[in-house]
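Student: Quick note on the UniProt record's numbering: the sequence shown kicks off at 1 and runs consecutively.
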Amino acid sequence: MAGQILHQAREIAKRSGVANIDMQTAWGDPVEVIIDRAQQEKVDAIVVGRRGRGRLEGLLLGSVSQKLVSLAPCIVVVVP
1 MAGQILHQAR EIAKRSGVAN IDMQTAWGDP VEVIIDRAQQ EKVDAIVVGR
51 RGRGRLEGLL LGSVSQKLVS LAPCIVVVVP
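(1) Could you tell me the alpha carbon to alpha carbon distance between residue 8 and residue 28, rounded to whole angstroms?
(2) Any idea which residues DSSP pairs residue 45 with across the strands?
(3) Relative to the C-alpha of residue 80, which residue among 63, 51, 74 is closest?
(4) Mind the definition here: the segment 3 to 17 touches the segment 39 to 49 only if three or more C-beta pairs lie below 8 Å; say whether that holds.
(5) Ordered along the chain, which non-local residues of its own chain (more than five positions away) have a Cβ less than 7 Å from that of residue 23?
Pasting the structure below:
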């Protein structure tokens, strides 16, 4: 399933004119994995979606996108 999602995302990005696309899958805590990979690869930006939890639930449970915005070593773009 992850492979199919990555393939679809790659096709959308290509049609939108994105020239260089690097998509990867990994296991572990999402924030830790994404930050580690961003540091290793010296990426310019991270693009993530948001799940759409309500404000209270998001505050209580935390949010991958919120943590990335705070902790990432580069620009983080959160797509609604």
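Beta carbons are placed, not taken as given, at the ideal position from N, Cα and C, and that holds for glycine.
Tutor: From the atom records:
(1) 23 Å
(2) 75
(3) 51
(4) no
(5) If the five residues before and after residue 23 are omitted, its C-beta is found closer than 7 Å to the C-beta atoms of 6, 9, 10, all from its own chain and listed in chain order.
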